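Sequence lines, in order, name chains X and A. Using full-length UniProt numbering, you'd call the opening residue of the first sequence number 1 and step up by one each time. Using full-length UniProt numbering, you'd call the opening residue of the second sequence number 1 and step up by one each time. Read through the structure below, which is laid out as structure tokens, and then see the notes.
Number of protein chains: 2
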Amino acid sequence: MTHDSPLAALHGQGERPTLRTLAHVTGFSVATVSRALADDPRIAVKTRATVAAAAERLGYIPDRAARRLRTGRTQVISLLLNTEHEFLGFTHEFLTGITETLVGTGYSVTVVPDQPGDDRLAPVRTILRNNLADGLLFTRTEAFDPRVRLLMEADFPFVSHGRTEFSAPHPWVDFDNEAFARAAVAHLAAKGRRRICMVLPGDQFTFTQHLRYGFVSAARAAGIYHEIVPGVTLDSPTAAIAAALTAARHGPNPPDGYVCVGEVTALVALAALADTGAVHGIDADIVAKRASPIFDNIRPRIDTVFEDLRATGRAMAEMLLGRMAGAPPETLNRLFQPDPVA
Amino acid sequence: MTHDSPLAALHGQGERPTLRTLAHVTGFSVATVSRALADDPRIAVKTRATVAAAAERLGYIPDRAARRLRTGRTQVISLLLNTEHEFLGFTHEFLTGITETLVGTGYSVTVVPDQPGDDRLAPVRTILRNNLADGLLFTRTEAFDPRVRLLMEADFPFVSHGRTEFSAPHPWVDFDNEAFARAAVAHLAAKGRRRICMVLPGDQFTFTQHLRYGFVSAARAAGIYHEIVPGVTLDSPTAAIAAALTAARHGPNPPDGYVCVGEVTALVALAALADTGAVHGIDADIVAKRASPIFDNIRPRIDTVFEDLRATGRAMAEMLLGRMAGAPPETLNRLFQPDPVA
DNA sequence: CTGCAGAATTAAAACGTTATAAATCCTTCA
DNA sequence: TGAAGGATTTATAACGTTTTAATTCTGCAG
């Protein structure tokens, strides 16, 4: 003869244990068990121990749906995934950093596609309105990013990859792109390069301004000719960037130094050199920011600065946990400094 | 004077509408509203229309937590993310394909890290035991993959990227790696190459056997010398692969053809050529499988076969939806064919 | 009219949790 | 001995949904 779930559970059979199971097993009420597991000081220490032991023994794990329904907290963190553009390996490293930090915290990570054609705010609105997450992470932050504005209005926890120019503080993690650009320019200047150029990301991104400022001011300080490659951005089709860089090499005064913000651009620049018969290290040098070990296996070797996106993901996830736990936003930011060019 | 939530909702204020709100608004009961939204034929057609209109007007969206608690279905699909190894851009493309297919289906995608050091089954067990998802996607499938075995035993919906050698059918999506290897070998042979080599993935993966078989049998058919590079796999540190390939070039009879399964290996092979003074196209040729447009900007240009991982992600997500909707597993598989080498 | 089948709707319970308010138990002190 | 009062514990409601088992309504045959 078989019994209903309470007894079946008592007998340790397949049924997933619930608070009710623990209550049966320990002889306490469901309410006490719930409080005991939450380490509520109103529950006797001995009771807490008993309950904890039973929970451990039966492998009790709270039901996410029930908890979420009751508390309104989702235990979910969402990541906006830009579907179009991609540094090589960016997503993988970044996501790995995030998920590995969140493992064991009870939070799960959901990925929401962020299609460039669509309204950039739509996924954020959906998350807010339908209460789909407790916190949000995203990249490609703009100087006056509408997502940041909306999230701050709603007082919804988030961490942006990249800073904004809003006056109110909010949590962010960023890489010191100005310092990178300065170091790259200084490195090229030290090699005797006198005509350097750079392809920038779109003007809307905050880090574009940082890059530009670092590039321009370091080049001025070094007294060398410098140019932002016109007509293309990092997000242009690589064929367009390739065309622009190749055209420049056919001009009267081709550049002898390239600052590349991403790996793809660096490869394009290398290809432009090769395709026009120029030799890297002789006719020109390239300094690139890299997020993967790919350049270890690219010939000729170029000098690079590593941006650790796994660490970035980890920092963002940790910061979001802090924010959700109530840490004040002005204390939550972190600027990663570049290593020396190598 | 303010009212409680029902009336507030009636007045269209901020509160998120629930079934109760719709019931108030339409004058029907909660039960009827629920059924009407589910298009239950027992509800009068006119009623269904009324309710649908009200839901539309108020922007009603069912609460995931409540539905999940009641039905036991999570509306979540999980992806096991391998944290260590990465084809360039693999994760990004794959994940984009998955999330973009699932948008609008009501399913959300959670990413679960799959640390190579840990028990490979642990994340799967957690998902099963805690009912964290309705379906599962994963890659790097092994011939007798324990995850597949466990999931089949539990009758839990999943789609593997790659086949297994279990007799019972299960849903999978794969790329015809045997055909790729054959085509690559034929391509090299047609170029007059007589000593070809290949770095394989680990022996445990099913696709390794496909690659080996295609490689070996095509080379035999062409009557050329062929070798699996010993001592390293695709998952070895790139420095180790580089060392092996470089060493081979210093041997008495260096290879004149390389079949590369991933982009990184192809770059390593190119670097090994460059580092030993060999010239691609003269001393040796490389054929590689690629998953990104990176080789458009690598010089020298090598011949490649494109594996569309975004399409793979889409196919897997669609197939999982089918499986969860009850389609029989034996109908759910798809083998992507390689384009000609180019 | 009455009765009854079928159509349409609904009350109520349940999923597993947390939180409010109330109840019980103990200890201590007059 | 009897309250007072703190320490513990508990009954119960609620979160929003689906579903079982009624209930009400409608039209039609007898």
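Don't be surprised by glycine CBs; every beta carbon is placed ideally from N, CA and C. Just so it is clear, the structure is predicted and the values come from calculations on it, not from any experiment.
- Y225(A): member of the beta strand (DSSP E) spanning 225 to 228, first to last residue.
- Per the DSSP secondary-structure output, K289(X) pairs in a beta bridge with V305(X).
- About 5 Å separates the Cβ atoms of A244(X) and V229(X), confirming a contact at the 8 Å cut-off.
- Of all C-beta pairs linking the region 178 to 190 of chain X to the region 239 to 255 of chain X, fewer than three are shorter than 8 Å, placing the two stretches out of contact.
- For H161(X), the uninterrupted beta strand (DSSP E) run begins and ends at 158 to 161, by DSSP.
- Burial check for K289(A): the Cβ neighbour count within 10 Å reaches 16 or more, so the residue is buried.
- Taking C-beta atoms as the reference points, R323(X) and P123(X) fail to come closer than 8 Å.
- In this structure, T276(X) and R310(X) do not form a Cβ contact; the two beta carbons are roughly 36 Å apart against a cut-off of 8 Å.
- Counted as a single uninterrupted DSSP element, the alpha helix (DSSP H) harbouring S217(A) occupies residues 206 to 222.
- Within the region 161 to 189 of chain A, the beta strand (DSSP E) runs of at least 3 residues that lie entirely inside it are, in chain order, 172 to 175.
- Between R299(X) and A271(A), the CB-CB gap stays under 8 Å.
- Of all residues in the region 91 to 103 of chain A, those with a C-beta nearer than 9 Å to a C-beta of chain X are T91, H92, E93, L95, T96, I98, T99, E100, L102, V103, reading in chain order.
- A residue is called buried once 16 or more other Cβ atoms fall within 10 Å of its Cβ, and T331(X), having fewer, is exposed.
- For E86(A), the nearest CB of chain X lies under 8 Å from its own CB, placing it at the interface with that chain.
- Between A65(A) and the set G89(X), G162(X), L132(X), T18(X), the nearest pair of CA atoms involves L132(X).
- Between Y107(X) and T312(X), the alpha-carbon positions lie close to 18 Å from each other.
- L234(A) places its beta carbon 8 Å or farther from that of V216(A).
- If only uninterrupted alpha helix (DSSP H) runs of at least 4 residues are considered, those enclosed by the region 26 to 94 of chain X are 30 to 37, 45 to 58, 64 to 71.
- Here the region 100 to 114 of chain A makes no contact with the region 150 to 169 of chain A; the two share fewer than three CB pairs at distances below 8 Å.
- P116(X) counts as exposed, since fewer than 16 other beta carbons sit within 10 angstroms of its beta carbon.
- The beta carbon of D39(X) is closer than 7 Å to those of R48 in its chain, skipping five residues each way along the sequence.
- Judged by their CB atoms, V159(A) and L128(A) are not nearer to each other than the 8 Å cut-off.
- In this structure A325(A) is exposed. Its beta-carbon is surrounded by fewer than 16 other beta-carbon atoms within 10 angstroms.
- Residue environment: P201(A) is assigned as buried (16 or more neighbouring CB atoms within 10 Å of its CB, all protein chains considered).
- Excluding five sequence positions before and after D339(A), the CB atoms of its chain that fall closer than 7 Å to its own CB belong to V305, F306, given in chain order.
- DSSP places F144(A) in the coil class of the three-state scheme, outside both helix and strand.
- Across the structure, R68(X) and T18(A) are spaced so that their CA atoms are roughly 16 Å apart.
- In terms of Cα proximity to V232(X), the closest of G162(X), V199(X), N177(X), D283(X) is V199(X).
- The shortest C-alpha to C-alpha distance from T21(X) to any of A284(X), G59(X), R194(X) is the one to G59(X).
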